[in-house]
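Per UniProt numbering, the very first residue in the sequence shown carries number 1; after that it's consecutive.
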Amino acid sequence: MIVLSNPTAIANEINVIHSLFEEGLQLFHVRKPSYSLKEMISFVAQINPEFRPQLVLHSHHELVESFKINRIHFTEEKRKKNLELPPKFTNLISSTSTHSISDFNSLAPEFEYAFLSPVYPSISKDDYLPKTDLFEAIKDRTNTKTKLIALGGINAKNIEKSLINGFDNVALLGTIWNSENPIKNFKSCQRIALSYLQ
């Protein structure tokens, strides 16, 4: 299971991130689209070095070496502009975002996994709704090299449906950061996900 950061700074964020890792979180996506290089350095520096190999950088990819991070994420826009990974990033594990199954099917095999969103109405973004039934759409999946990750409106009530109907894993955002008890929510989701991902 994957968790994405809140896009903007929130209180107690670093402590929550550490608690998520201590509860068994596999990967944490650092997605702070408006952060400057200086802000990103400050944010990542606060995360315990033992967890940094499980971080995935969405921006400021140049920080991977200094922080010993080996995963980077390409937004859909960045991916479409850079059809090939720059040489210095070829030894890194990469992921990306997609919003249609045709886009997902056309991905280069270098991408370990890709988000497909929104699967359900978003918890964190108002009026961000599925334009098509992605469960119907993924019946046309032809790309088996890249893992397909459900994103958008994922919570404990719909993880089972997502995994039974063709997604390889799920990613959480709003169910963590728009919650009064993010760790409790994470553990509820993790328990369900693990029963299908073992």
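In this text, a Cβ means the ideal position worked out from N, Cα and C, and glycines have one as well. Bear in mind the structure is a predicted one, so any value in this text is a computation, not a measurement.
According to DSSP, residue pairing for I72 in a beta bridge involves L57, S94. Residue burial is scored here from C-beta neighbours: I192 has at least 16 other C-beta atoms within 10 angstroms and is therefore classed as buried.
With respect to V119, S95 sits apart: the two C-beta atoms are not nearer than 8 Å. The beta carbon of V170 sits closer than 8 Å to the beta carbons of M1, I2, I149, A150, L151, I154, I159, S162, L163, C189, A193 from its chain, once the five residues preceding and following it are set aside; these are given in chain order. Judged by DSSP secondary structure, E112 falls within the beta strand (DSSP E) whose first and last residues are 111-116. Here I183 is not bridged, per DSSP, to any residue. Here the alpha carbons of D133 and F111 stand approximately 24 Å from one another.
Put simply, the stretch 14-33 does not touch the stretch 134-144. Fewer than three CB pairs are less than 8 Å apart. Rounded to the nearest angstrom, the Cβ distance from R71 to L37 is 18 Å, too far for a contact under 8 Å.
Closest option to I41, judged by alpha-carbon separation, among K68, V16, F21, L172: K68. Counting only runs of 3+ residues, the beta strand (DSSP E) found wholly inside the stretch 1-39 occupies 2-4, 27-30, in chain order. Looking at S195, H18, N185, I101, the one whose alpha-carbon comes closest to that of T146 is I101.
Beyond the five residues adjoining it in sequence on each side, F51 comes within less than 6 Å, by CB distance, of F21 in the same chain, given in chain order. The three-state secondary structure of V170, taken from DSSP, is strand.
For L163, the three-state secondary structure derived from DSSP is helix. In the DSSP assignment, the residues bridged to I149 are F115, N169.
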